[in-house]
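Student:
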Amino acid sequence: MATPASDTLHELLSTRYSCRSFLPEPLPRATTERILATAQRTASWCNAQPWQVHIASGETLARLRAAFQERIASTPPAPDLPWPREYRGVYQERRRECGYGLYDALGIAKGDRAASARQAAENFSMFGAPHVAIVSSDEALGVYGAVDCGAYVANFLLAAHSLGVASVPQAALASYPGVLREVLGIGEDRTIVCGISFGLADPAHPANQFRTTRADPASSVVWRD
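Here the numbering used here runs 2 ahead of the position in the sequence shown, where the first position is 1.
1) Could you check where the alpha helix (DSSP H) with F158 kicks off and where it finishes?
2) Bridge partners for V137 per DSSP, in chain order?
3) Suppose you measure from the CA of A168 to the CA of L66; what does that come to, to the nearest Å?
4) Can you check DSSP and say which residues form a bridge with S169?
5) Sort C196, M3 and T10 by Cα distance to D150 and report the nearest one.
6) If I measure Cβ to Cβ from I110 and keep anything under 7 Å in the same chain, skipping five residues before and after, which residues do I get?
7) Around the C-beta of M3, are 16 or more other C-beta atoms found within 10 angstroms, so that it is buried, or is it exposed?
8) Here's the rule: buried if 16 or more other CB atoms are within 10 angstroms of the residue's CB, otherwise exposed. What is W47?
9) Under the rule that 16 or more other beta-carbon atoms within 10 Å means buried, what is G201, buried or exposed?
10) Taking just the CA atoms, how far does E190 sit from S138?
11) Within the continuous alpha helix (DSSP H) that includes I37, where are the two ends?
12) How many Å lie between H56 and H133 at the Cα?
13) Residue range of the alpha helix (DSSP H) that A64 falls in?
14) Let me make sure I understand the geometry here. Which of S222, R22, P30 and A50 has the alpha-carbon closest to that of E271?
Structure (structure tokens):
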């Protein structure tokens with residue numbers, strides 16, 4: 003049975019998208035604080051609330067961008083959390099659909115490796131966003147701390163969207179944890195999970211016209227009555 007609250011949640015989930023081009027204007031601090039206050043309500047194992055969020059803006063964000071550009075030119079990725087071993091079956095199909103759909107929106111031809119590499123590098127300029135949040139967990143909590151952070155990230159994205167703020171979660175930013183530790187002062191006792199770039203969307207950019215699809219819920223559920 004639908005309720006006004008469930009309708010609102012469904013609408014937020016249905017209309018939120020990953021923004022890949024932002025306007026440069028910074029958000030009011032009160033807006034970001036509202037997002038953080040809402041996301042802090044995220045449920046977590048034993049209510050540990052293991053997430054810690056470093057938010058970079060202004061001069062700090064400029065230094066972070068410069069440090070990334072220097073590092074990615076000379077150093078291979080070394081994330082704290084291992085990347086997926088492989089995408090197989092339907093997961094690979096969905097991954098390809100997402101990538102090809104984005105590149106098509108941007109006019110990047112299939113097989114154009116130079117253009118696709120340039121687009122991938124946009125991750126490290128945070129797609130021009132005025133703010134980035136770097137999410138980390140207590141290293142001692144292992145995979146369950148990272149799972150809790152994933153729930154926090156999802157709620158951060160929804161909270162932002164509810165206020166008209168665009169965002170994009172970025173595992174790519176966790177590729178170089180050394181950069182984040184050096185610029186933001188994140189300790190070795192923290193596992194860096196991902197970043198979230200956020201701000202106001204550039205509505206004219208073709209990347210922001212692209213939308214991913216979702217599978218039928220029945221494909222993800224096994225009933226055992």
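Even for Gly, the Cβ is constructed at its ideal location relative to N, Cα and C.
Tutor: Quick answer:
1) Here residue 158 refers to the residue found at position 156 when the sequence shown is read from its first residue. G144 to S164 is the span of the alpha helix (DSSP H), which, as asked, contains F158.
2) Stepping through the sequence shown from its first residue, residue 137 is reached at position 135. Answer is V55 and C196.
3) Your numbering for residue 168 matches position 166 in the sequence shown. Your numbering for residue 66 matches position 64 in the sequence shown. So the alpha carbons of these two residues sit roughly 20 Å apart.
4) To locate residue 169, count along the sequence shown from 1; it is residue 167. Answer is S20 and F200.
5) Position 148 of the sequence shown, counted from the first residue, corresponds to residue 150. Closest by alpha carbon: C196.
6) Here the question's residue 110 lines up with position 108 in the sequence shown. Excluding residues within five positions, the ones whose Cβ falls inside 7 Å are A117, S118 and Q121.
7) Counted from its first residue, the sequence shown places residue 3 at position 1. Result: exposed.
8) Within the sequence shown, numbered from 1, the residue matching residue 47 stands at position 45. So W47 counts as exposed.
9) Working through the sequence shown from its first residue, we reach residue 201 at position 199. When all chains shown are included, G201 counts as buried.
10) Locating residue 138 in the sequence shown gives position 136, counting from the first residue. Locating residue 190 in the sequence shown gives position 188, counting from the first residue. S138 and E190: Cα-Cα distance of roughly 11 Å.
11) Here residue 37 corresponds to residue number 35 of the sequence shown, with the count starting at 1. It spans R31 to A41 - the alpha helix (DSSP H) in which I37 sits, taken as one unbroken run.
12) Within the sequence shown, numbered from 1, the residue matching residue 56 stands at position 54. Within the sequence shown, numbered from 1, the residue matching residue 133 stands at position 131. Taking the straight line from one Cα to the other gives about 10 Å.
13) Locating residue 64 in the sequence shown gives position 62, counting from the first residue. Taken as a continuous stretch (DSSP letters only), the alpha helix (DSSP H) holding A64 covers G60 to I74.
14) Residue numbering for the chain in the displayed model covers 3 to 227; residue 271 lies beyond these limits and cannot be assessed.
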